[in-house]
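Participant: Sharing a structure here in structure tokens format.
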Amino acid sequence: LLFIVRNHVFFLFLMLEAFALTLTVRNNSIHSSSWFNTSNKVVGAVYSVNHRITEYFKLNVVNRQLAEENAMLRGMLRQSQHVVADSCDAIPVIDTIYQQRYTYIPARVVNFTVNRQANYMTIDRGRGQGIHPEMAVISPDGVVGIVKDASEHYATVLPLLNRKSSISARLRGPGYFGALRWDGRDPLIVQLHDIPIHVELQMGMIVETSGLSSMFPEGIAIGKVVGFGQNTGENFHNITVELNTDPRTLHKVYVVNNMMGKEQLELEQAIGSDD
Numbered sequence: 224l225l226f227i228v229r230n231h232v233f234f235l236f237l238m239l240e241a242f243a244l245t246l247t248v249r250n251n252s253i254h255s256s257s258w259f260n261t262s263n264k265v266v267g268a269v270y271s272v273n274h275r276i277t278e279y280f281k282l283n284v285v286n287r288q289l290a291e292e293n294a295m296l297r298g299m300l301r302q303s304q305h306v307v308a309d310s311c312d313a314i315p316v317i318d319t320i321y322q323q324r325y326t327y328i329p330a331r332v333v334n335f336t337v338n339r340q341a342n343y344m345t346i347d348r349g350r351g352q353g354i355h356p357e358m359a360v361i362s363p364d365g366v367v368g369i370v371k372d373a374s375e376h377y378a379t380v381l382p383l384l385n386r387k388s389s390i391s392a393r394l395r396g397p398g399y400f401g402a403l404r405w406d407g408r409d410p411l412i413v414q415l416h417d418i419p420i421h422v423e424l425q426m427g428m429i430v431e432t433s434g435l436s437s438m439f440p441e442g443i444a445i446g447k448v449v450g451f452g453q454n455t456g457e458n459f460h461n462i463t464v465e466l467n468t469d470p471r472t473l474h475k476v477y478v479v480n481n482m483m484g485k486e487q488l489e490l491e492q493a494i495g496s497d498d
């Protein structure tokens, strides 16, 4: 109060200026229009900043929703479904129906090493979200690895960039399949083994999952051929594959749940126990 009393002349000046400005704007169409446009710009700018701030804090929610939606859409793809004949008759089947085989659980990478021979990954989903060992992990661009262990809320993943990792892969087109492994050097380069030398190769050929395991759906792109050769006396190509997924920029992944995987494994184990 004492401050106002001491500076009452200044405050009176401000009030008179404001009053004069109001009269000028109200009684002059040019000034009124200019004031209206200026005030609209100011208010618009304030609302725009407020909207951007609000949207920024909503990004986590939006990203999670998008990941869940993408997981649902992946489950609707033909490669995520199993063809089931609609007739038991021993005749050629014309009409078929599709049964859901793979579902996808979105997850976020919380830790990942790329500079070791035995790299690993940690994701923020675990047993509580349906994650268990031997489940495949993919990214929007390709293959990432296989779940090794799972706790209640987290899981560790054995990625392609691990000398112990081996994934069944094939050449798109010729259809020949082999084992995809990493030599421990370049984090973007892996090697495809066991492809016979009589197979004609071309640079840029797509390497994809073979579907010969209970983990990965068939036909998921892994990378492309960027080099090949042959060692003297060997009957297989040395094929170099450049990965689609750069592990150094990996944030979002999907864990693949094969709804028929348990049935397949139990049947295969039963065959093995008879030997």
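Heads up: take any position in the sequence shown, counting from 1, add 223, and you land on the numbering used here.
Beta carbons are placed, not taken as given, at the ideal position from N, Cα and C, and that holds for glycine.
#1: Given a cut-off of 8 Å on the beta-carbon distance, is the pair V476 and V332 in contact?
#2: Taking the C-alpha atoms as reference points, what is the distance between F400 and S391?
#3: Helix, strand or coil: which one does DSSP assign to A313?
#4: Could you have a look at M344 and say whether DSSP puts it in helix, strand or coil?
#5: Look at the alpha carbon of F459 and the alpha carbon of G434, and state the distance between them as a whole number of angstroms.
#6: From the DSSP output, in three-state form, read off K447 for me.
#7: Tell me which residues share the same chain as I317 and place their Cβ nearer than 6 Å to its Cβ, disregarding the 5 neighbours each side in the sequence.
#8: Look at the Cβ atom of G396, then the Cβ atom of M428, and state whether they are nearer than 8 Å.
#9: On the three-state DSSP scale, how would you describe P440?
#10: Just the Cα atoms here: how many angstroms apart are P329 and V366?
#11: What residue range does the beta strand (DSSP E) around K475 cover?
#12: Ordered along the chain, which non-local residues of its own chain (more than five positions away) have a Cβ less than 7 Å from that of T336?
#13: Quick check on L415: does DSSP put it in helix, strand or coil?
#14: Run through DSSP, which three-state label would Q453 get?
#15: Curious, which full-length alpha helix (DSSP H) runs of at least 4 residues does the region 374 to 398 contain?
#16: For G368, which residues does DSSP report across the bridge?
#17: Is the beta carbon of H421 less than 8 Å from the beta carbon of A402?
#18: Taking all protein chains shown into account, decide if R229 is buried (16 or more other Cβ within 10 angstroms of its Cβ) or exposed.
#19: According to DSSP, is T472 part of a helix, a strand, or is it coil?
#20: F400 lies in the beta strand (DSSP E); which residues open and close that run?
Facilitator: Put simply:
#1: yes
#2: 7 Å
#3: Low per-residue confidence applies at A313: pLDDT is 42, beneath 50, and the placement is therefore not dependable, though the value from the model is reported in the following sentence. Here A313 sits in coil by DSSP.
#4: strand
#5: 21 Å
#6: strand
#7: At I317 the pLDDT is 45, less than 50, meaning the model places this residue with poor confidence and gives no usable figure here.
#8: yes
#9: coil
#10: 14 Å
#11: 475 to 481
#12: N342, Y343
#13: strand
#14: strand
#15: none
#16: V360, P382
#17: no
#18: exposed
#19: helix
#20: 400 to 404
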